[in-house]
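Asks:
Residue numbers (my numbering), protein chains in the order written: chain A, 446 to 733; chain B, 446 to 733.
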């Protein structure tokens, strides 16, 4: 994973070059919000799943970067004072604290827009059909019926008590869909057979839920130093999470069950999907 | 123009259907921020330029709607308290005043993301190359080197005094690029010859500047009732505008010159571009 993180870091650094122009502050904020951090889980999923189909890494790294830019935009906007009002992200001040609120809003907007520009350009793949499919899949995962809708539900969760069904739907939208599209992107790039794409989606769906349950556990059990972000926010905001609904022990068992289930979906790739299987183990074992 | 406005209104109403789900508030805010208003100048440019090439309106109206959604997202974010802190838009409370700030941020994000989903889908055009070109062109016009960059410059203009060159660049990025891509989109949809696409871009470039100069004039001369939005904000913020740099009389002459120049670019279409020529006259004569 460190290798992918390094590749994606350099790709983002190349794609968003610093600017001497008057609006350079915007570019600085976009770089600050997207470079130097994070597990780069989504890029790893993109590149590992593309690798199953023998896709050239110089091609999948662009898609990995685009997906990561959309993830980073969502973190910048989620951290805004009107949203979660986050102080710390990846161990550093959040973008609106390092720059200012207006710049953070625009940096998020810029990253989101630029991600679609990257995907649609011929450098990403020679087949325009593949590029269109990537744009559609990412827009669906990030849009009002995906991540943005999930974020809206998350805000509503501060005032309403959701049951397990709605909480599961919230998490599928808020983080699951972006994780699912990361794994699916490899299948799109590699023009995988429907059964293969389906297996990747099913894997990523289970993985995304496991990831979120562990996130909820870390929000309760983790320290700020370990996670690099403010912890205990869900409980403070009175939000229903998997942990508040299931309890810590059952939540952990559920995460482990989902990870095992995720790995089982990959059996159709024989032994070639070991990297993706290892990610499932990592997601459950992680402390940050 | 009223006919196009009507078609686009119905298309947006169809594309963003109300939702009974828990996150329905997000959809409501997206509808509030995009339905029921505006001159729909950009959709008119998309549809009129597409019409030059005989493009089916059922196809160009989708692209017109996508461009308008990006325009509406930018208005919602520009009106946020951390940005221009607008109270009134199209004669109604701005989105963050009607809903709340977090919902306004997400509604803007949702509209932007959804616009790219619309463009990339097969319904927009059978040729995926055309769809990719539309996504690329819109992303460039709306991104950090277009509208978002222009908005950043606009914020900086509150503290720094820009000269005519930087002010022109600011306006080209902030509003000009989106107007240019609207006219260009018709050329992309209609697979126009390079000379035809170039003429449309040149037309829209001049039109965009004329539009912005008149906007600056209305901010000084117009009333809130006429324009449906808060006026006098640029002067209050101490921003350099075409009017503050050129003076009112020279600014008006400049707008008229640009409109005449814009129309001249369309001569290669013989008499078929009369609609687009009429828009140039409208832009200069408008009171809102």
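Note that CB positions come from ideal geometry on N, CA and C, so glycine has one too.
1) If you measure from the beta carbon of residue 571 (chain A) to each beta carbon in chain B, is any gap under 7 Å?
2) Whole angstroms are fine: how far does the CA of residue 518 (chain B) sit from the CA of residue 602 (chain B)?
3) Can you grab the Cα-Cα spacing for the pair residue 733 (chain B) / residue 632 (chain B), in whole Å?
4) Buried or exposed for residue 475 (chain B), going by 16 or more other Cβ atoms inside 10 Å?
5) Indicate whether residue 665 (chain B) and residue 700 (chain B) have their beta-carbon atoms separated by less than 7 Å.
6) On a Cα-Cα basis, can you pick out the residue from A:685, A:620, A:628 that is closest to residue 495 (chain A)?
7) In the DSSP assignment, the alpha helix (DSSP H) including residue 679 (chain A) goes from what residue to what residue?
8) Between the segment 580–611 of chain B and chain A, which residues of the former have CB atoms less than 7 Å from a CB of the latter, in chain order?
9) Buried or exposed for residue 457 (chain A), going by 16 or more other Cβ atoms inside 10 Å?
10) Count the other CB atoms within 10 Å of the CB of residue 624 (chain A); is the residue buried (16 or more) or exposed (fewer)?
11) What span of residues does the alpha helix (DSSP H) with residue 659 (chain A) cover, start to end?
12) My parser needs the alpha helix (DSSP H) runs of 4 or more residues fully inside the segment 560–645 of chain B; what are they?
13) Between residue 528 (chain B) and chain A, is there a C-beta pair that is closer than 7 Å?
14) Straight-line CA distance for residue 520 (chain A) to residue 638 (chain B)?
15) Under 9 Å, CB to CB, which of the residues in the segment 454–467 of chain B have a partner in chain A?
16) Between the Cα of residue 713 (chain B) and those of B:497, B:482, B:448, spot the shortest distance and give me the residue it belongs to.
17) If we count Cβ pairs, one from each stretch, closer than 8 Å, do we get three or more for the segment 553–566 of chain A versus the segment 578–598 of chain B?
18) Would you check if there are 3 or more beta carbon pairs closer than 8 Å linking the segment 526–535 of chain A to the segment 535–552 of chain B?
19) Would you say residue 584 (chain B) and residue 561 (chain A) are within 7 Å of each other, going by their C-beta atoms?
20) Looking at residue 635 (chain A) and residue 500 (chain A), is the spacing between their C-beta atoms short of 7 Å?
21) Looking at the strands, I want to know which residues DSSP matches up with residue 534 (chain B).
22) Which chain A residues are close to residue 555 (chain B), counting only those with a beta carbon under 7 Å from its beta carbon?
23) Are residue 644 (chain B) and residue 704 (chain B) close, meaning C-beta to C-beta below 7 Å?
Replies: The relevant details are as follows:
1) No, because no Cβ of chain B sits closer than 7 Å to the Cβ of residue 571 (chain A).
2) Answer to the nearest angstrom: the Cα atoms are 22 Å apart.
3) Approximately 28 Å, taken between the alpha carbons.
4) Answer is buried; the Cβ neighbour count reaches 16.
5) In this structure, the beta-carbon distance from residue 665 (chain B) to residue 700 (chain B) does not fall below 7 Å.
6) Distance from the Cα of residue 495 (chain A) is smallest, within the candidate group A:685, A:620, A:628, for A:628.
7) Boundaries of the alpha helix (DSSP H) harbouring residue 679 (chain A): 678–681, taken from the DSSP string.
8) The residues in question are 580, 581, 584, 585, 587, 588, 589, 593, 594, 596, 597, 598, 600, 601, 611.
9) Looking at its Cβ environment, which holds 16 or more other Cβ atoms inside 10 Å, residue 457 (chain A) is buried.
10) Counting Cβ neighbours within 10 Å, residue 624 (chain A) comes out buried, since at least 16 surround it.
11) Per DSSP, residue 659 (chain A) belongs to the alpha helix (DSSP H) from 639–666.
12) For the alpha helix (DSSP H) assignment, the uninterrupted runs of no fewer than 4 residues enclosed by the segment 560–645 of chain B are, from N- to C-terminal side, 573–587, 592–601, 609–616, 622–634.
13) Residue 528 (chain B) counts as touching chain A.
14) As the crow flies, the alpha-carbon of residue 520 (chain A) is around 42 Å from that of residue 638 (chain B).
15) Hits within the stretch, in order: 461, 464, 466, 467.
16) The option with the nearest alpha carbon to residue 713 (chain B) is B:497.
17) Contact annotation: the segment 553–566 of chain A touches the segment 578–598 of chain B, with at least three C-beta pairs closer than 8 Å.
18) Touching, per the Cβ criterion.
19) Yes; because the gap between Cβ atoms is below 7 Å, this pair is in contact.
20) The Cβ atoms of residue 500 (chain A) and residue 635 (chain A) sit closer than 7 Å to each other.
21) Within the DSSP bridge table, the entry for residue 534 (chain B) names B:537 as partners.
22) Neighbourhood of residue 555 (chain B) in chain A, by CB distance below 7 Å: 588, 589, 593, in chain order.
23) With respect to residue 704 (chain B), residue 644 (chain B) sits apart: the two C-beta atoms are not nearer than 7 Å.
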